[in-house]
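Start counting at 1 in the sequence shown, then tack on 7, and there's your number in this note's numbering.
Comments concern the structure below.
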Amino acid sequence: MNGCFLFWGRKVLSVAMPMLMAGLIAALAADVFEPEAGELDKLAAKMDSRPLAMGPSITNRAAWELAAARPDLRDIVGQAEQQLKTPIPEMTDDLYLDYSKSGNRRRGELVLFGRRSRISLFTLAECIENRGRFLPALEEIIASICKERTWVMPAHDGDLGNFLGRTVTIDLAVAMLAWDLATADSLLGDKLSPQTRTLIRQEIDRRVFVPYRRMAAGQQDQYWLLSNNNWNAVCLAGVTGAALTLIDSPKERAWYALAAAHYSRNFLSGFTSDGYCSEGVGYWNYGFGHYAALAETVRRATRDALDLLALPEAARPAAYGAQIEIVPGVCPAFADCDVNARPDPHLMAYLARRFGAPFTIEPGLLQTRAGFYWTALELAGDPAPVIKDREPWPEPGAPRTWFKDATVLICRPRTFTENSLAVAIHGGHNAEHHNHNDVGTFMVVVGNVPVLPDIGAEVYTRRTFSAQRYESRALNSYGHAVPVIGGRLQKTGQSARAVVMESRFEDAEDVISFDIRSAYDAPTLQRLERKFVYSRANRGTLKVTDRFVFSEPTTFETALLTFGRWYKIGPAALRVADNGKAVRVIVDTPPGTLLDVASDDIQEDLAARRKATRIALRIDPPVQAGEMRIEIVPDP
């Protein structure tokens, strides 16, 4: 699969039903969509008589000659030629059932997305070249995909209801495939055979439009319509984009646009009021990226009559990407996030234009394209207007970002240098989207290297989104820089949360203090507070102090995580290094105690594809009260 045409966040594509259900908005009855009287006719009157063109037609040779010179499209024809030499990978029944039998997602998804990526590749190559070379292969893969038992991903068909034909539901993969097929049809038009164009419409109607209308009527499970995580935005974008591109009736297209406006508010409600995305940076790219694509498509289809990005509740989530970087190129890997995730530059550039904010794309980053439909929309021109009465866009290079509602703090140095220290601190609670049990965790960056990182997501398996999720040492609190109390890890649930006790932000230093006692079911625990002090003096310093009181002597330990190497440099000091950067860690324990340091590897299949080491810092012997102080400074 060519990375240019992956959907935002496809490396972290999708969550399974158990995690999805945890993100649902509580509702006692179905949310049936019924437009107000006259609303459909009013919007339909503002729409074109023909469906939305998802980019310039293949007959617009001037547009495609310009497109062929773009860096991100320059190699498309060559890549498509290579695919012509490769047989279509077969999605067999055995391969589909592999997940239900073994819990392995990779084998089936590799084939599934390998098949579907050919749609965008052959379509764009044909539009650029216009010689008919890629049309037979495109029609062949479309016919093959339309013969599949189901378009639902194996991981989202737990009871095999779709595979066995008992039901027809829409998941992330179904919605995006529908939009890809509709985009191919829109760009190529009559270059495709009548049989293929009819097949596209019949299959999308059966597999997408019919179940979606049933969902909106409350006649079918409304799971992602009511969800406030990425599923809502992604599925709505795919369904609505396909509808606005394929359906002839302006009134019916208006219904889909209004339904998207209605149900997408659930997605926006999943952000804290200050715009924090608890799913992490990768899922913001994926979820909010598709919300932006949905908004742009609806705006164009309605001739600016309906602009979902201009909703007041969309402004702060839109600014998340401009605030989440710790230093350039490095973001927190909290929750199920890839350690290398960063705000998608294509999405950032689009949002900056819409909100009238300065933003420069770094050279080369345009190679990470957003998606087939985004490429098509972009080639169509029609620049979106700046949103009026918008909230101020965050200033670049701010010394800190404080997501007060999410209790997440990012502290940056006065001047970014190759040896300056920056930190990200997570309070939060243990029922967040894609949650890890990590109340009170932190990560430390030197230059642009997370020397003490959050180790991020594990490779998804059936266990990841099941009742056994927190058996994973990458997802439970063992794999995070948080205390272990009397041998007990943090518990799961919204009641396990950080409560802000003190917050003070100044030019010289930032201070945040949390009460994190509620995160532990430890019978002797009476008090547990964690205080962070970040100083910008010199190259930066972080001090972490844990204060605790127990009803009787109890073991206490905390931890540091690293992908690098560590060694002791004194009785209560150690050095941790990774990728040419290092920190020195000095630990103070209560009077009459010693520091016991031990380490072990996190034996999980991490998405980072690196071995993570947990460094345990233990107080010996057990104590009844006191504090542990950790000071972290850059080491040359």
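In this text, a Cβ means the ideal position worked out from N, Cα and C, and glycines have one as well.
Using 8 Å as the threshold, is the C-beta distance between residue i and residue j below it?
i    : j    : result
F278 : R208 : no
T174 : G168 : yes
T304 : L194 : no
V604 : A623 : yes
A299 : L316 : yes
H116 : M160 : It is Glu, not His, that sits at residue 116 in the sequence shown. Yes; because the gap between Cβ atoms is below 8 Å, this pair is in contact.
A185 : G245 : yes
V334 : F472 : no
V215 : I177 : yes
A464 : D585 : no
M59  : Q90  : Met is not the amino acid found at residue 59; the sequence shown has Leu there. No, they are not a contact pair.
T462 : V346 : First, the amino acid is wrong: residue 462 is Ile here, not Thr. Yes, Cβ-Cβ distance for I462 and V346 is below 8 Å.
R123 : I152 : yes
I126 : I83  : no
Look at the alpha carbon of residue i and the alpha carbon of residue j, and state the distance between them as a whole number of angstroms.
i    : j    : result
T157 : E146 : 19 Å
P94  : K198 : 23 Å
A23  : A162 : At A23, the pLDDT of 40 sits below 50, so the modelled position is not reliable; the number obtained from the coordinates is stated separately. Between A23 and A162, the C-alpha separation is close to 6 Å.
A132 : P96  : 20 Å
V594 : R272 : 47 Å
E332 : L428 : 14 Å
L581 : V337 : 24 Å
N483 : V415 : 19 Å
G200 : E259 : Checking the sequence shown, residue 200 turns out to be Ser, not Gly. If I take the Cα positions, the gap works out to 25 Å.
R213 : A87  : 30 Å
T469 : Y106 : Note that residue 469 is Arg in the sequence shown here, rather than Thr. Distance between the alpha carbons of R469 and Y106: 8 Å.
R170 : V491 : Arg is not the amino acid found at residue 170; the sequence shown has Phe there. Approximately 44 Å between the Cα atoms of the pair.
L188 : G587 : 47 Å
A326 : G282 : 7 Å
R636 : V630 : 15 Å
G45  : D396 : 28 Å
E425 : E564 : 32 Å
D412 : R534 : 23 Å
A377 : G500 : Because A377 sits at a pLDDT of 49, beneath the cut-off of 50, its placement in the model cannot be relied upon, and the point is left open.
R617 : P352 : 25 Å
Check for me: the alpha helix (DSSP H) holding residue i runs from which residue to which?
i    : result
Y485 : Careful: Y485 lies outside any alpha helix (DSSP H) and carries neither H nor E.
S107 : 100–109
K49  : 46–52
L358 : 352–361
T382 : 379–386
V288 : 288–308
T408 : That residue, T408, is in no alpha helix (DSSP H); its beta strand (DSSP E) goes 407–410.
F274 : 257–275
M222 : 217–223
C418 : Element bounds for C418: not the alpha helix (DSSP H) but the beta strand (DSSP E), 415–418.
F512 : Not the alpha helix (DSSP H): F512 falls in the beta strand (DSSP E), residues 506–512.
Just reading off the beta strand (DSSP E) that residue i is part of, what are its end residues?
i    : result
Q533 : 532–542
L59  : Segment: none, L59 is in no beta strand (DSSP E) and carries neither H nor E.
W573 : 572–577
M450 : 449–453
I432 : 428–433
F555 : 548–561
T620 : 620–627
Among residues of its own chain, excluding the 5 on either side of residue i, which ones have a beta-carbon nearer than 7 Å to its beta-carbon?
i    : result
F512 : R407, W409
E7   : Outside the shown range of the chain, which is 8 to 643, sits residue 7, and nothing can be said about it.
V540 : E516, V518, K550
I394 : L316, A317, R361, F362
S502 : S525
Y357 : A299
A224 : V39
R204 : D192
H269 : F40
S64  : L194, G196
Excluding the five sequence neighbours on either side, which residues of its own chain have a C-beta within less than 6 Å of the C-beta of residue i, listed in chain order?
i    : result
V640 : T548, R591
A579 : V594, L602
R310 : K53
Does the CB of residue i have a neighbour CB from chain C at under 8 Å?
i    : result
S107 : Protein chains in the displayed structure number just one, and chain C is not present.
Grab me the residues of residue i's own chain with a C-beta within less than 8 Å of its C-beta, minus the 5 sequence neighbours each way, in chain order.
i    : result
M28  : Residue placement at M28 cannot be trusted, given a pLDDT of 45 that sits under 50; what the coordinates show is reported in the next sentence. Hits under 8 Å: Y230.
P339 : G287, V288, I331, I333, V415, I417, A431, H433, M450, D461
The segment 512–528 / the segment 440–448 touching (three or more Cβ pairs under 8 Å): yes
For the segment 528–538 against the segment 480–497, are there 3 or more C-beta pairs whose distance is under 8 Å? yes
Touching by the beta-carbon criterion (3+ pairs, under 8 Å), the segment 535–547 and the segment 569–586: no
Do three or more CB pairs link the segment 98–108 to the segment 228–248 at distances below 8 Å? no
When you compare the segment 64–79 with the segment 390–408, are there three or more beta-carbon pairs, one atom per stretch, that lie closer than 8 Å? no
Per the contact definition of three or more C-beta pairs closer than 8 Å, is the segment 430–438 in contact with the segment 497–511? yes
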